[in-house]
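Enquirer: The structure under discussion is supplied below as structure tokens; questions concerning it will follow.
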Amino acid sequence: MRRKLVIGNWKMNGSCAGNSALLAGIIAGLGKVGADCAVCAPAPFLAQCRAELTGTPVAWGGQDVSPKQNGAYTGEVAGCMLAEFGCRYVLVGHSERRAYHLESNELVAQKALAALASGLTPVVCVGETEAQRDAGQGVAVVTAQLGAVLAVLGADDVANIVVSYEPVWAIGTGKTATPQQAQDVHKILRAQLAQKNAEAAAGVQILYGGSMKPENAKELMAMPDIDGGLIGGAALKAVDFLAIIHAAE
Ligand code: PGA
Numbered sequence: 162m163r164r165k166l167v168i169g170n171w172k173m174n175g176s177c178a179g180n181s182a183l184l185a186g187i188i189a190g191l192g193k194v195g196a197d198c199a200v201c202a203p204a205p206f207l208a209q210c211r212a213e214l215t216g217t218p219v220a221w222g223g224q225d226v227s228p229k230q231n232g233a234y235t236g237e238v239a240g241c242m243l244a245e246f247g248c249r250y251v252l253v254g255h256s257e258r259r260a261y262h263l264e265s266n267e268l269v270a271q272k273a274l275a276a277l278a279s280g281l282t283p284v285v286c287v288g289e290t291e292a293q294r295d296a297g298q299g300v301a302v303v304t305a306q307l308g309a310v311l312a313v314l315g316a317d318d319v320a321n322i323v324v325s326y327e328p329v330w331a332i333g334t335g336k337t338a339t340p341q342q343a344q345d346v347h348k349i350l351r352a353q354l355a356q357k358n359a360e361a362a363a364g365v366q367i368l369y370g371g372s373m374k375p376e377n378a379k380e381l382m383a384m385p386d387i388d389g390g391l392i393g394g395a396a397l398k399a400v401d402f403l404a405i406i407h408a409a410e
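Numbering of the sequence shown is given in this note's numbering, commencing with residue 162 and proceeding in unit increments.
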């Protein structure tokens, strides 16, 4: 049985005081938790995450990583830096990075490799836009996105990644894929992982993201290939994030 994983993606939100209140609320309400959980915070707050989450069941991670190890790359954050601040995860290829920073499938693949090289678990985000889905290209788009990553990974690496299916039309819009729509894509993604490493694919956590909230989390995560959620808006309120974590157990 795969453990469920719920990750909060704070995006470009937060402040030292606000984060402290949010994290304290999450920790206070967590109790004995039967799922993996984490928050992906903006880089300047990772030291705060380390200070406030060490020793709790909540892991933390970054939202992006450079494909390079170090050097003259102003503004970039290296995997080894995230690791030094205790990150367990890092998002790669979030649709906002692909859309606003023109990240290609190949760049996302290099970022996944860089994350693995630093001992981080890359959360490889894939998802189609509404226009692509309407044109019947949804599956082709997400399999090309995951395929580019798998093309550069070794077979053994498959066990060390998380995949997150986030249909772009569902992110921050209040529109959610139905459990069956999401399951259909997750099943295809798992089959694609299995072509690289069948044994490892059975254990890879494949998250759903896109307007997941307390009201719909349980039915989404009840699907056989939906192993948790990547949560944006609802991760900024402790009660909502906690409700989703508890729905995952
Ligand atoms: P949302 O964002 O939950 O606000 O739709 C999800 C994401 O972008 O990771």
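Built from N, CA and C at the ideal position, the CB exists for glycine as well.
None of these values were measured; they are calculated from a predicted model.
1) So, is A239 buried or exposed, given that buried needs 16 or more other C-beta atoms within 10 angstroms?
2) Is the closest heavy atom of the ligand PGA to the C-beta of G370 under 8 Å?
3) If you draw a straight line from the C-alpha of A363 to the C-alpha of E380, how long is it?
4) Which residues share a DSSP beta bridge with D283?
5) CB-CB under 7 Å to G186, same chain, minus the five flanking residues each way: which ones, in chain order?
6) For V167, which of H255, G389, A408 and A309 has the nearest alpha-carbon?
7) Going by beta carbon distance, what residues of the same chain come within less than 6 Å of A275, once the five residues before and after it are set aside?
8) How is the alpha helix (DSSP H) around L184 delimited, first residue to last?
9) On the DSSP bridge list, what partners appear for N170?
10) Span of the alpha helix (DSSP H) holding A361?
11) With DSSP collapsed to three states, give me the class of V112.
12) When you compare only the Cα positions, how much space is there between Q271 and A352?
13) Applying the criterion that 16 or more other CB atoms from any shown protein chain within 10 Å of the CB defines a buried residue, is H255 buried or exposed?
14) Look up G240 in the DSSP assignment and give the residues it is bridged to.
15) In whole angstroms, what is the alpha-carbon distance linking E376 and M242?
16) Put Y234 into one of helix, strand or coil per three-state DSSP.
17) How is I387 classed by DSSP in three states: helix, strand or coil?
18) For a test of your reading of the model: does the CB of I406 fall under 8 Å from any non-hydrogen atom of the ligand PGA? Yes or no.
19) Does the distance between the C-beta of H255 and the nearest non-hydrogen atom of the ligand PGA fall short of 8 Å?
20) Is E267 near the ligand PGA, going by C-beta to nearest heavy atom under 8 Å?
21) Helix, strand or coil for I332? Go by DSSP, reduced to three states.
22) Out of A296, K374, M382 and A208, which one is the CA nearest neighbour of G393?
Expert: So, from the listed chains and residues:
1) buried
2) yes
3) 21 Å
4) Before going on, a small fix: residue 283 reads as Pro here, not Asp. DSSP lists V251 as partners of P283.
5) A399
6) G389
7) V226, P228 and G240
8) C177 to L191
9) C201
10) A359 to A362
11) This structure cannot settle anything about residue 112, because the visible part of the chain is limited to 162 through 410.
12) 22 Å
13) buried
14) G240 pairs with nothing; no bridge assigned.
15) 37 Å
16) coil
17) coil
18) no
19) yes
20) no
21) coil
22) K374
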